[in-house]
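Per our numbering, the sequence shown runs over residues 329 to 736. For glycine and all other residues, C-beta sits at the position ideal for the given N, C-alpha and C.
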Amino acid sequence: MMRSFFLGTHQSAAVRPATPVSRAEAVCIVLLAVAAAATLWWRWVGYQGTDDAYYAAAAMAWVNGFPALGIDHWSLRYPVVLPTAALLVVLGRSVFSLAAANLLYFLALMIVMYAGCRRFLGWPVAVLAAGSLVLLPAVVVQGTYANPDLPEALFAIGSFWCFLAAASRGGCVRWLLLAGGLAGLGFLTREISVAVVLFYGVLFLVSPQMPRIRYLVLAAGCVAVVGVQMVDFAVRAGDPLYRFAISSKHDAPDRAAIARAAAGSGRMLDAEGVVSAGPVLTPVLAVMVSQKFGLLFWLAIPAAVLIAVWRRVPAGARRVGLLAGWFGLSWFLFVALNAALLYVVPRYLMAVGVAAVVPAAVALVALWQAEWRVLPALCVAGFAGSGVLLLYLENTDPLHAEHLLVQV
(Lines of atoms letter the chains of each structure in order from A and count residues from 1; the text may use other names and numbers.)
(Lines give C-alpha, C1' and ligand atoms only; values in the text may rest on other atoms or scores of the structure.)
Protein backbone atom coordinates (compact mmCIF):
# COMPACT_ATOMS: atom_id res chain seq x y z
CA MET A 1 0.00 0.00 0.00
CA MET A 2 1.24 3.50 -0.83
CA ARG A 3 2.41 5.53 2.13
CA SER A 4 0.00 8.39 2.84
CA PHE A 5 1.25 11.93 2.28
CA PHE A 6 -1.32 13.14 4.80
CA LEU A 7 -0.92 13.34 8.56
CA GLY A 8 -3.45 13.12 11.33
CA THR A 9 -5.77 10.70 9.55
CA HIS A 10 -5.88 7.87 12.05
CA GLN A 11 -4.71 9.42 15.31
CA SER A 12 -5.29 12.55 17.30
CA ALA A 13 -3.16 15.57 16.52
CA ALA A 14 -2.75 15.95 20.27
CA VAL A 15 -0.84 12.69 20.66
CA ARG A 16 0.91 12.38 17.29
CA PRO A 17 4.69 12.81 17.69
CA ALA A 18 6.50 15.51 15.73
CA THR A 19 7.53 14.35 12.26
CA PRO A 20 11.22 14.83 11.44
CA VAL A 21 12.15 16.87 8.40
CA SER A 22 13.12 14.62 5.49
CA ARG A 23 15.70 15.50 2.87
CA ALA A 24 12.98 16.08 0.27
CA GLU A 25 11.13 18.43 2.58
CA ALA A 26 14.32 20.33 3.42
CA VAL A 27 15.00 20.85 -0.28
CA CYS A 28 11.45 22.13 -0.77
CA ILE A 29 11.82 24.54 2.16
CA VAL A 30 15.00 25.97 0.64
CA LEU A 31 13.29 26.35 -2.74
CA LEU A 32 10.34 28.09 -1.07
CA ALA A 33 12.67 30.52 0.68
CA VAL A 34 14.49 31.28 -2.57
CA ALA A 35 11.22 31.76 -4.45
CA ALA A 36 9.84 34.07 -1.75
CA ALA A 37 13.00 36.19 -1.73
CA ALA A 38 13.01 36.37 -5.52
CA THR A 39 9.39 37.45 -5.89
CA LEU A 40 9.69 40.03 -3.11
CA TRP A 41 12.81 41.52 -4.70
CA TRP A 42 11.29 41.42 -8.19
CA ARG A 43 7.97 43.04 -7.24
CA TRP A 44 9.21 45.37 -4.51
CA VAL A 45 7.20 48.58 -4.03
CA GLY A 46 8.52 50.20 -0.86
CA TYR A 47 6.33 53.27 -0.97
CA GLN A 48 3.45 54.24 -3.23
CA GLY A 49 2.15 57.42 -1.65
CA THR A 50 -1.48 56.37 -1.09
CA ASP A 51 -2.73 54.88 2.17
CA ASP A 52 0.83 53.99 3.14
CA ALA A 53 1.54 57.73 3.38
CA TYR A 54 -1.01 57.92 6.22
CA TYR A 55 0.57 54.94 7.99
CA ALA A 56 3.99 56.57 7.60
CA ALA A 57 2.69 59.82 9.08
CA ALA A 58 1.07 57.97 11.97
CA ALA A 59 4.28 56.05 12.66
CA MET A 60 6.31 59.25 12.62
CA ALA A 61 3.86 60.78 15.09
CA TRP A 62 4.70 57.96 17.51
CA VAL A 63 8.43 58.39 16.88
CA ASN A 64 8.30 62.14 17.47
CA GLY A 65 5.70 62.26 20.26
CA PHE A 66 5.26 58.97 22.11
CA PRO A 67 2.48 58.08 22.80
CA ALA A 68 0.54 59.61 19.91
CA LEU A 69 -3.24 59.67 19.81
CA GLY A 70 -4.44 59.07 16.27
CA ILE A 71 -7.04 61.27 14.66
CA ASP A 72 -8.04 59.08 11.71
CA HIS A 73 -8.71 55.39 11.10
CA TRP A 74 -5.27 54.79 9.59
CA SER A 75 -3.45 55.96 12.71
CA LEU A 76 -5.61 53.78 14.97
CA ARG A 77 -4.54 50.55 13.28
CA TYR A 78 -1.83 49.81 15.82
CA PRO A 79 -0.62 46.47 14.33
CA VAL A 80 0.44 48.46 11.24
CA VAL A 81 1.52 51.73 12.84
CA LEU A 82 3.43 50.58 15.94
CA PRO A 83 5.77 48.05 14.24
CA THR A 84 6.47 50.63 11.53
CA ALA A 85 7.33 53.22 14.17
CA ALA A 86 9.62 50.77 15.97
CA LEU A 87 11.44 49.87 12.76
CA LEU A 88 11.88 53.54 11.88
CA VAL A 89 13.69 53.92 15.20
CA VAL A 90 15.76 50.75 14.82
CA LEU A 91 16.60 50.92 11.11
CA GLY A 92 16.52 54.66 10.57
CA ARG A 93 14.22 56.74 8.42
CA SER A 94 14.10 55.21 4.97
CA VAL A 95 11.65 53.75 2.46
CA PHE A 96 12.79 50.27 3.44
CA SER A 97 11.98 50.98 7.09
CA LEU A 98 8.45 51.97 6.11
CA ALA A 99 7.93 48.65 4.33
CA ALA A 100 9.90 46.42 6.70
CA ALA A 101 6.98 45.62 9.00
CA ASN A 102 4.92 44.17 6.17
CA LEU A 103 7.95 42.27 4.91
CA LEU A 104 8.15 40.61 8.33
CA TYR A 105 4.42 39.97 8.25
CA PHE A 106 4.83 38.27 4.87
CA LEU A 107 7.54 35.98 6.24
CA ALA A 108 5.37 35.23 9.27
CA LEU A 109 2.44 34.37 7.01
CA MET A 110 4.60 31.90 5.07
CA ILE A 111 5.80 30.27 8.30
CA VAL A 112 2.33 30.10 9.85
CA MET A 113 0.78 28.62 6.70
CA TYR A 114 3.55 26.06 6.36
CA ALA A 115 3.51 25.11 10.04
CA GLY A 116 -0.28 24.83 10.19
CA CYS A 117 -0.57 22.71 7.06
CA ARG A 118 2.38 20.53 8.06
CA ARG A 119 0.94 19.95 11.52
CA PHE A 120 -2.48 18.81 10.33
CA LEU A 121 -2.02 17.78 6.70
CA GLY A 122 1.60 16.83 6.09
CA TRP A 123 4.53 18.57 4.45
CA PRO A 124 3.52 18.08 0.77
CA VAL A 125 0.33 20.05 1.42
CA ALA A 126 2.37 22.62 3.34
CA VAL A 127 4.75 23.07 0.41
CA LEU A 128 1.92 23.57 -2.07
CA ALA A 129 -0.04 25.93 0.18
CA ALA A 130 2.94 28.13 1.09
CA GLY A 131 4.20 27.98 -2.49
CA SER A 132 0.85 29.24 -3.72
CA LEU A 133 1.19 32.34 -1.56
CA VAL A 134 4.54 33.11 -3.19
CA LEU A 135 2.78 33.29 -6.56
CA LEU A 136 -0.23 35.38 -5.55
CA PRO A 137 0.13 39.08 -6.44
CA ALA A 138 -2.44 39.85 -3.73
CA VAL A 139 -0.01 38.53 -1.13
CA VAL A 140 3.48 39.17 -2.53
CA VAL A 141 3.04 42.83 -3.45
CA GLN A 142 1.26 43.65 -0.17
CA GLY A 143 4.35 42.38 1.61
CA THR A 144 6.47 45.20 0.15
CA TYR A 145 4.80 48.34 1.50
CA ALA A 146 2.81 49.42 4.55
CA ASN A 147 -0.82 48.25 4.49
CA PRO A 148 -3.26 46.42 6.78
CA ASP A 149 -4.19 43.69 4.29
CA LEU A 150 -1.29 41.33 4.94
CA PRO A 151 -1.19 41.50 8.76
CA GLU A 152 -4.97 41.14 8.81
CA ALA A 153 -4.73 37.94 6.74
CA LEU A 154 -1.86 36.69 8.93
CA PHE A 155 -3.78 37.18 12.17
CA ALA A 156 -6.91 35.61 10.67
CA ILE A 157 -5.26 32.44 9.37
CA GLY A 158 -3.09 32.25 12.48
CA SER A 159 -6.24 32.31 14.61
CA PHE A 160 -7.69 29.54 12.44
CA TRP A 161 -4.71 27.22 12.92
CA CYS A 162 -4.60 27.92 16.67
CA PHE A 163 -8.29 27.10 16.89
CA LEU A 164 -7.65 23.76 15.17
CA ALA A 165 -4.79 23.08 17.56
CA ALA A 166 -7.12 23.77 20.48
CA ALA A 167 -9.87 21.58 19.01
CA SER A 168 -7.42 18.70 18.50
CA ARG A 169 -6.74 18.84 22.24
CA GLY A 170 -10.38 18.94 23.28
CA GLY A 171 -10.38 22.71 23.77
CA CYS A 172 -6.89 23.52 25.05
CA VAL A 173 -7.06 26.80 26.98
CA ARG A 174 -3.64 28.02 25.86
CA TRP A 175 -4.37 27.57 22.15
CA LEU A 176 -7.86 29.05 22.49
CA LEU A 177 -6.50 32.15 24.19
CA LEU A 178 -3.97 32.51 21.38
CA ALA A 179 -6.66 32.00 18.72
CA GLY A 180 -8.84 34.65 20.35
CA GLY A 181 -5.91 37.01 20.81
CA LEU A 182 -4.95 36.75 17.14
CA ALA A 183 -8.56 37.39 16.14
CA GLY A 184 -8.42 40.49 18.35
CA LEU A 185 -5.21 41.66 16.68
CA GLY A 186 -6.92 41.18 13.33
CA PHE A 187 -9.76 43.40 14.49
CA LEU A 188 -7.31 46.08 15.66
CA THR A 189 -5.73 45.90 12.21
CA ARG A 190 -9.04 46.39 10.42
CA GLU A 191 -12.62 45.88 11.46
CA ILE A 192 -13.31 43.48 8.56
CA SER A 193 -11.68 40.83 10.76
CA VAL A 194 -14.93 40.57 12.69
CA ALA A 195 -15.62 37.96 9.98
CA VAL A 196 -13.36 35.61 12.00
CA VAL A 197 -15.65 35.99 15.01
CA LEU A 198 -18.67 35.27 12.81
CA PHE A 199 -16.97 32.09 11.57
CA TYR A 200 -16.44 30.93 15.13
CA GLY A 201 -20.04 31.84 15.90
CA VAL A 202 -21.32 29.60 13.13
CA LEU A 203 -19.09 26.76 14.31
CA PHE A 204 -20.37 27.24 17.85
CA LEU A 205 -23.93 26.72 16.59
CA VAL A 206 -23.55 23.93 14.02
CA SER A 207 -20.18 22.19 14.51
CA PRO A 208 -18.40 23.30 17.68
CA GLN A 209 -15.35 20.96 17.38
CA MET A 210 -15.04 21.03 21.21
CA PRO A 211 -17.27 21.58 24.26
CA ARG A 212 -19.14 24.82 23.65
CA ILE A 213 -18.23 26.17 27.06
CA ARG A 214 -14.63 26.46 25.82
CA TYR A 215 -15.69 29.18 23.40
CA LEU A 216 -15.74 31.49 26.41
CA VAL A 217 -11.95 31.14 26.53
CA LEU A 218 -11.76 31.98 22.82
CA ALA A 219 -13.88 35.07 23.40
CA ALA A 220 -11.79 36.06 26.42
CA GLY A 221 -8.62 36.09 24.33
CA CYS A 222 -10.23 38.36 21.75
CA VAL A 223 -11.81 40.70 24.28
CA ALA A 224 -8.54 41.00 26.22
CA VAL A 225 -6.63 42.25 23.17
CA VAL A 226 -9.33 44.65 21.97
CA GLY A 227 -9.90 45.76 25.55
CA VAL A 228 -6.30 46.97 25.89
CA GLN A 229 -6.85 49.52 23.13
CA MET A 230 -10.22 50.51 24.55
CA VAL A 231 -8.66 51.18 27.95
CA ASP A 232 -5.94 53.21 26.26
CA PHE A 233 -8.55 55.35 24.51
CA ALA A 234 -10.59 55.70 27.69
CA VAL A 235 -7.53 57.12 29.46
CA ARG A 236 -6.13 59.31 26.70
CA ALA A 237 -9.20 60.30 24.70
CA GLY A 238 -11.87 60.01 27.38
CA ASP A 239 -13.86 57.59 25.23
CA PRO A 240 -13.30 53.80 25.14
CA LEU A 241 -15.22 53.75 21.84
CA TYR A 242 -12.98 56.42 20.29
CA ARG A 243 -11.85 54.05 17.53
CA PHE A 244 -15.39 53.14 16.54
CA ALA A 245 -16.50 56.76 16.50
CA ILE A 246 -13.80 57.54 13.94
CA SER A 247 -13.95 54.36 11.86
CA SER A 248 -17.73 54.52 11.49
CA LYS A 249 -17.36 57.78 9.57
CA HIS A 250 -14.68 56.51 7.22
CA ASP A 251 -16.57 55.15 4.19
CA ALA A 252 -20.12 55.32 2.86
CA PRO A 253 -19.91 53.28 -0.35
CA ASP A 254 -22.72 53.04 -2.87
CA ARG A 255 -22.05 49.91 -4.90
CA ALA A 256 -25.01 50.48 -7.19
CA ALA A 257 -23.79 53.99 -8.00
CA ILE A 258 -20.28 52.66 -8.68
CA ALA A 259 -21.72 50.08 -11.08
CA ARG A 260 -23.84 52.71 -12.84
CA ALA A 261 -20.84 54.99 -13.22
CA ALA A 262 -18.81 52.20 -14.80
CA ALA A 263 -21.66 51.28 -17.17
CA GLY A 264 -22.27 54.92 -18.09
CA SER A 265 -18.63 55.45 -19.01
CA GLY A 266 -18.52 52.26 -21.08
CA ARG A 267 -15.70 50.83 -18.97
CA MET A 268 -15.47 47.18 -17.92
CA LEU A 269 -13.76 48.07 -14.64
CA ASP A 270 -15.30 50.16 -11.90
CA ALA A 271 -13.52 52.88 -9.93
CA GLU A 272 -11.98 50.23 -7.63
CA GLY A 273 -10.46 48.31 -10.55
CA VAL A 274 -12.91 45.40 -10.29
CA VAL A 275 -14.91 43.99 -13.21
CA SER A 276 -18.27 45.71 -12.79
CA ALA A 277 -21.42 43.58 -12.98
CA GLY A 278 -23.71 45.13 -10.40
CA PRO A 279 -23.83 44.84 -6.61
CA VAL A 280 -24.52 41.09 -6.60
CA LEU A 281 -22.00 39.72 -9.10
CA THR A 282 -19.16 42.18 -8.58
CA PRO A 283 -17.92 40.52 -5.33
CA VAL A 284 -17.81 37.17 -7.15
CA LEU A 285 -15.85 38.66 -10.04
CA ALA A 286 -13.48 40.33 -7.57
CA VAL A 287 -12.11 36.88 -6.73
CA MET A 288 -12.84 34.91 -9.91
CA VAL A 289 -11.65 37.47 -12.49
CA SER A 290 -8.86 39.34 -10.79
CA GLN A 291 -5.21 39.90 -11.54
CA LYS A 292 -4.62 39.70 -7.79
CA PHE A 293 -5.81 36.08 -7.45
CA GLY A 294 -5.36 34.61 -10.91
CA LEU A 295 -6.51 31.00 -11.16
CA LEU A 296 -6.65 30.39 -7.41
CA PHE A 297 -10.42 30.22 -7.00
CA TRP A 298 -10.87 28.33 -10.26
CA LEU A 299 -8.81 25.62 -8.54
CA ALA A 300 -9.96 26.05 -4.94
CA ILE A 301 -13.72 25.82 -5.50
CA PRO A 302 -13.64 22.52 -7.47
CA ALA A 303 -11.03 21.30 -4.99
CA ALA A 304 -13.37 21.93 -2.05
CA VAL A 305 -16.14 20.02 -3.82
CA LEU A 306 -13.75 17.17 -4.59
CA ILE A 307 -12.51 16.72 -1.04
CA ALA A 308 -16.10 16.90 0.24
CA VAL A 309 -17.34 14.01 -1.91
CA TRP A 310 -14.28 11.88 -2.78
CA ARG A 311 -13.86 9.04 -0.32
CA ARG A 312 -10.17 8.63 -1.09
CA VAL A 313 -9.44 11.90 0.69
CA PRO A 314 -8.53 10.98 4.30
CA ALA A 315 -11.10 12.06 6.87
CA GLY A 316 -8.65 14.30 8.74
CA ALA A 317 -7.58 16.10 5.57
CA ARG A 318 -11.21 16.48 4.49
CA ARG A 319 -12.14 18.07 7.80
CA VAL A 320 -9.30 20.59 7.81
CA GLY A 321 -9.65 21.44 4.12
CA LEU A 322 -13.38 22.04 4.39
CA LEU A 323 -13.04 24.08 7.57
CA ALA A 324 -10.55 26.31 5.75
CA GLY A 325 -13.03 26.59 2.89
CA TRP A 326 -15.85 27.58 5.24
CA PHE A 327 -13.51 30.06 6.91
CA GLY A 328 -12.81 31.73 3.56
CA LEU A 329 -16.47 31.63 2.56
CA SER A 330 -17.50 33.32 5.82
CA TRP A 331 -15.08 36.16 5.15
CA PHE A 332 -16.22 36.49 1.53
CA LEU A 333 -19.90 36.66 2.49
CA PHE A 334 -19.20 39.23 5.17
CA VAL A 335 -17.56 41.54 2.61
CA ALA A 336 -20.05 40.76 -0.16
CA LEU A 337 -23.12 41.41 1.98
CA ASN A 338 -21.79 44.46 3.80
CA ALA A 339 -22.64 46.86 1.00
CA ALA A 340 -23.34 49.80 3.29
CA LEU A 341 -19.83 49.84 4.79
CA LEU A 342 -17.38 48.20 2.41
CA TYR A 343 -16.20 48.73 -1.14
CA VAL A 344 -15.55 45.61 -3.21
CA VAL A 345 -11.78 45.50 -3.65
CA PRO A 346 -9.57 42.40 -3.89
CA ARG A 347 -7.36 43.48 -0.99
CA TYR A 348 -10.35 43.27 1.38
CA LEU A 349 -10.58 39.63 0.32
CA MET A 350 -6.96 38.64 0.83
CA ALA A 351 -7.84 36.40 3.79
CA VAL A 352 -10.24 34.52 1.50
CA GLY A 353 -7.38 33.83 -0.89
CA VAL A 354 -5.05 32.78 1.91
CA ALA A 355 -7.64 30.31 3.22
CA ALA A 356 -8.41 29.02 -0.29
CA VAL A 357 -4.92 27.64 -0.84
CA VAL A 358 -5.57 24.99 1.83
CA PRO A 359 -8.39 23.00 0.13
CA ALA A 360 -6.65 23.47 -3.22
CA ALA A 361 -3.44 21.94 -1.85
CA VAL A 362 -5.32 19.10 -0.11
CA ALA A 363 -7.07 18.12 -3.35
CA LEU A 364 -3.91 18.23 -5.44
CA VAL A 365 -2.00 16.03 -3.01
CA ALA A 366 -4.95 13.62 -2.81
CA LEU A 367 -5.05 13.30 -6.61
CA TRP A 368 -1.31 12.76 -6.75
CA GLN A 369 -1.45 10.11 -4.06
CA ALA A 370 -4.24 8.34 -5.97
CA GLU A 371 -1.79 8.17 -8.91
CA TRP A 372 -3.76 10.65 -11.00
CA ARG A 373 -0.52 12.48 -11.65
CA VAL A 374 -1.25 14.39 -14.87
CA LEU A 375 -4.14 16.52 -13.59
CA PRO A 376 -2.41 17.89 -10.45
CA ALA A 377 0.79 18.43 -12.40
CA LEU A 378 -1.07 20.47 -15.02
CA CYS A 379 -2.89 22.44 -12.31
CA VAL A 380 0.36 23.31 -10.52
CA ALA A 381 2.09 24.25 -13.77
CA GLY A 382 -0.85 26.37 -14.91
CA PHE A 383 -1.15 28.14 -11.57
CA ALA A 384 2.58 28.79 -11.36
CA GLY A 385 2.81 30.06 -14.94
CA SER A 386 -0.18 32.34 -14.59
CA GLY A 387 1.10 33.57 -11.23
CA VAL A 388 4.43 34.62 -12.72
CA LEU A 389 2.64 36.36 -15.59
CA LEU A 390 0.27 38.21 -13.26
CA LEU A 391 3.16 39.26 -11.02
CA TYR A 392 4.89 40.62 -14.12
CA LEU A 393 1.80 42.68 -14.93
CA GLU A 394 1.64 44.17 -11.44
CA ASN A 395 2.32 47.91 -11.27
CA THR A 396 5.02 48.12 -8.60
CA ASP A 397 6.05 51.71 -9.36
CA PRO A 398 2.91 53.86 -9.06
CA LEU A 399 5.18 56.89 -8.52
CA HIS A 400 7.09 56.32 -11.75
CA ALA A 401 6.52 59.87 -13.04
CA GLU A 402 7.61 61.40 -9.74
CA HIS A 403 10.74 59.25 -9.69
CA LEU A 404 11.62 60.40 -13.20
CA LEU A 405 11.19 64.03 -12.18
CA VAL A 406 13.52 63.54 -9.22
CA GLN A 407 16.14 62.01 -11.53
CA VAL A 408 15.88 64.96 -13.90
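Taking just the CA atoms, how far does Ile574 sit from His401? Locating residue 401 in the sequence shown gives position 73, where the first residue counts as 1. Locating residue 574 in the sequence shown gives position 246, where the first residue counts as 1. Going by the C-alpha atoms only, they are around 6 Å apart.
Can you tell me whether DSSP reads Val373 as helix, strand or coil? To locate residue 373, count along the sequence shown from 1; it is residue 45. It is coil, neither helix nor strand.
Using the Cα positions of Ala341 and Arg446, report the straight-line distance between them to the nearest angstrom. Numbered from its first residue, the sequence shown carries residue 341 at position 13. Numbered from its first residue, the sequence shown carries residue 446 at position 118. Because the pLDDT at Ala341 is just 41, under 50, the model does not fix this residue reliably, and the point stays unresolved.
Integer-rounded CB distance, given that Phe660 should sit under 8 Å from Val641: Residue mapping note: residue 641 aligns to position 313 of the sequence shown, counting from 1. Residue mapping note: residue 660 aligns to position 332 of the sequence shown, counting from 1. So it is not a contact: roughly 23 Å between Cβ atoms.
Among Gly398, Phe572 and Ala684, which one has its Cα closest to the Cα of Leu669? Here the question's residue 669 lines up with position 341 in the sequence shown. Cα-wise, what sits closest to Leu669 is Phe572.
When the Cα atoms are used, what is the spatial distance from Trp638 to Met388? Numbered from its first residue, the sequence shown carries residue 638 at position 310. Numbered from its first residue, the sequence shown carries residue 388 at position 60. Rounded to whole angstroms, Trp638 to Met388 spans 54 Å at the Cα level.
Any chance you could list the alpha helix (DSSP H) runs of at least 4 consecutive residues sitting entirely within the region 487-551, in chain order? 501-517 and 522-534
Please state the DSSP three-state secondary structure of Val603. Taking the first residue of the sequence shown as 1, we reach residue 603 at position 275. In this structure, Val603 counts as strand in the three-state DSSP scheme.
How is Leu463 classed by DSSP in three states: helix, strand or coil? Walking along the sequence shown from the start, residue 463 turns up at place 135. Coil at Leu463, not helix or strand.
Between Val553, Ala705, Ser535 and Leu504, which lies nearest to Tyr406 when the distance is taken from Cα to Cα? Reading the sequence shown from its first residue, position 78 is the one you call residue 406. Of the candidates Val553, Ala705, Ser535 and Leu504, the one whose C-alpha sits nearest the C-alpha of Tyr406 is Val553.
Leaving out five residues on either side along the sequence, give the residues of the same chain with a beta carbon under 6 Å from the beta carbon of Leu634. Position 306 of the sequence shown, counted from the start, is the residue given in the question as residue 634. If we look at Leu634 and ignore the five residues flanking it on each side, its Cβ neighbours are Ala691.
Do Gly622 and Leu464 count as a contact pair if the criterion is CB distance below 9 Å? Taking the sequence shown and counting its residues from 1, the one referred to as residue 464 is at position 136. Taking the sequence shown and counting its residues from 1, the one referred to as residue 622 is at position 294. Result yes, Cβ atoms of Leu464 and Gly622 sit closer than 9 Å.
Please specify which runs of the beta strand (DSSP E), each continuous and at least 3 residues long, are wholly inside the region 420-456, giving them in chain order. The region 420-456 contains no whole beta strand (DSSP E) run of 3 or more residues.
Roughly how many angstroms separate the alpha carbons of Val702 and Leu627, rounded to a whole number? Taking the first residue of the sequence shown as position 1, residue 702 is located at position 374. Taking the first residue of the sequence shown as position 1, residue 627 is located at position 299. Those two C-alpha atoms are separated by around 15 Å.
Give every residue of the same chain whose Cβ lies closer than 6 Å to the Cβ of Gly509, excluding the five residues on either side of it in the sequence, and list them in chain order. The sequence position of residue 509 within the sequence shown is 181, counting from 1. Gly549 and Val553, listed in sequence order.
With distances taken between CB atoms, is the gap from Gln537 to Phe488 smaller than 9 Å? Stepping through the sequence shown from its first residue, residue 537 is reached at position 209. Stepping through the sequence shown from its first residue, residue 488 is reached at position 160. The answer is no: Cβ separation not under 9 Å.
DSSP-derived helix/strand/coil call for Tyr473: As a first step, residue 473 is located in the sequence shown; it is residue number 145 there, counting from the start. Correct three-state label for Tyr473: coil.
Which residue marks the beginning of the alpha helix (DSSP H) containing Val617, and which one marks its end? Your numbering for residue 617 matches position 289 in the sequence shown. It is not in any alpha helix (DSSP H) - Val617 carries neither H nor E in the DSSP assignment.
Taking buried to mean at least 16 other C-beta atoms within 10 Å of its own C-beta, is Asp567 buried or exposed? As a working note, residue 567 is residue 239 in the sequence shown. It counts as exposed.
C-beta atoms of Asp379 and Met678 nearer than 9 Å: Numbered from 1 along the sequence shown, position 51 holds the residue referred to as residue 379. Numbered from 1 along the sequence shown, position 350 holds the residue referred to as residue 678. No, these two residues do not count as a Cβ contact at 9 Å.
Under a Cβ-count criterion, where at least 16 other Cβ atoms within 10 Å of its own Cβ denotes burial, should Thr347 be classed as buried or exposed? Mapped onto the sequence shown, residue 347 falls at position 19. Exposed: under 16 other Cβ atoms inside 10 Å.
Which residue marks the beginning of the alpha helix (DSSP H) containing Tyr676, and which one marks its end? Within the sequence shown, residue 676 is the residue found at index 348, counting from 1. Taken as a continuous stretch (DSSP letters only), Tyr676 belongs to no alpha helix (DSSP H), as it is neither H nor E.
To the nearest angstrom, how far is the alpha carbon of Met596 from that of Gly420? For the purposes of this step, residue 596 is identified with residue 268 of the sequence shown, where counting begins at 1. For the purposes of this step, residue 420 is identified with residue 92 of the sequence shown, where counting begins at 1. Going from the Cα of Met596 to the Cα of Gly420 covers about 43 Å.
For a test of the three-state rule: what should DSSP assign to Asn666, helix, strand or coil? Stepping through the sequence shown from its first residue, residue 666 is reached at position 338. It is coil, neither helix nor strand.
Taking 9 Å as the threshold (beta carbon to beta carbon), is Leu650 in contact with chain D? This model lacks chain D altogether, as it is built from one protein chain only.
Our contact map puts Ala474 next to Ala366 with C-beta atoms below 8 Å; I'd like the distance itself, whole angstroms only. The count along the sequence shown starts at 1 and reaches residue 474 at position 146. The count along the sequence shown starts at 1 and reaches residue 366 at position 38. At roughly 22 Å, the Cβ-Cβ gap does not stay under 8 Å, so Ala474 and Ala366 are not in contact.
For Thr347, name the three-state secondary structure that DSSP assigns. Reading the sequence shown from its first residue, position 19 is the one you call residue 347. Coil, per DSSP.
Just verifying my parser: in three-state terms, what is the DSSP assignment at Thr724? Walking along the sequence shown from the start, residue 724 turns up at place 396. Coil at Thr724, not helix or strand.
Beta-carbon proximity of Tyr676 to Val663, cut-off 9 Å: Along the sequence shown, read from residue 1 onward, the residue named residue 676 stands at position 348. Along the sequence shown, read from residue 1 onward, the residue named residue 663 stands at position 335. Cβ distance < 9 Å, so Tyr676 and Val663 count as in contact.
Selection from Ala429, Pro581, Leu695 and Glu353 that minimises the alpha carbon distance to Tyr442: Counted from its first residue, the sequence shown places residue 442 at position 114. Tyr442 has its Cα closest to that of Glu353, out of Ala429, Pro581, Leu695 and Glu353.
Closest by CA to Val556, which one among Phe515, Val524, Leu482 and Arg542? Locating residue 556 in the sequence shown gives position 228, where the first residue counts as 1. Among Phe515, Val524, Leu482 and Arg542, the Cα nearest to that of Val556 is on Phe515.
Have a look at Val409 and Tyr720 and give me their C-alpha separation to the nearest angstrom. Taking the first residue of the sequence shown as 1, we reach residue 409 at position 81. Taking the first residue of the sequence shown as 1, we reach residue 720 at position 392. Roughly 29 Å separates the two Cα atoms.
In terms of alpha-carbon separation, which member of Leu437, Ala688 and Gln619 lies closest to Val648? Counted from its first residue, the sequence shown places residue 648 at position 320. In terms of CA proximity to Val648, Ala688 leads the group Leu437, Ala688 and Gln619.
Beta-carbon contacts of Ala396 that lie in its chain and below 6 Å, excluding the five residues immediately before and after: Position 68 of the sequence shown holds residue 396. Excluding positions up to five away in sequence, the list reads Ala389 and Trp390.
Given a threshold of 16 other Cβ atoms within 10 Å of its Cβ, counted over all protein chains shown, does Glu699 qualify as buried or as exposed? On the sequence shown, position 371 is the one that residue 699 refers to. Burial call: exposed.
Roughly how many whole angstroms lie between the Cα atoms of Ala386 and Arg502? As a first step, residue 386 is located in the sequence shown; it is residue number 58 there, counting from the start. As a first step, residue 502 is located in the sequence shown; it is residue number 174 there, counting from the start. Between Ala386 and Arg502, the C-alpha separation is close to 33 Å.
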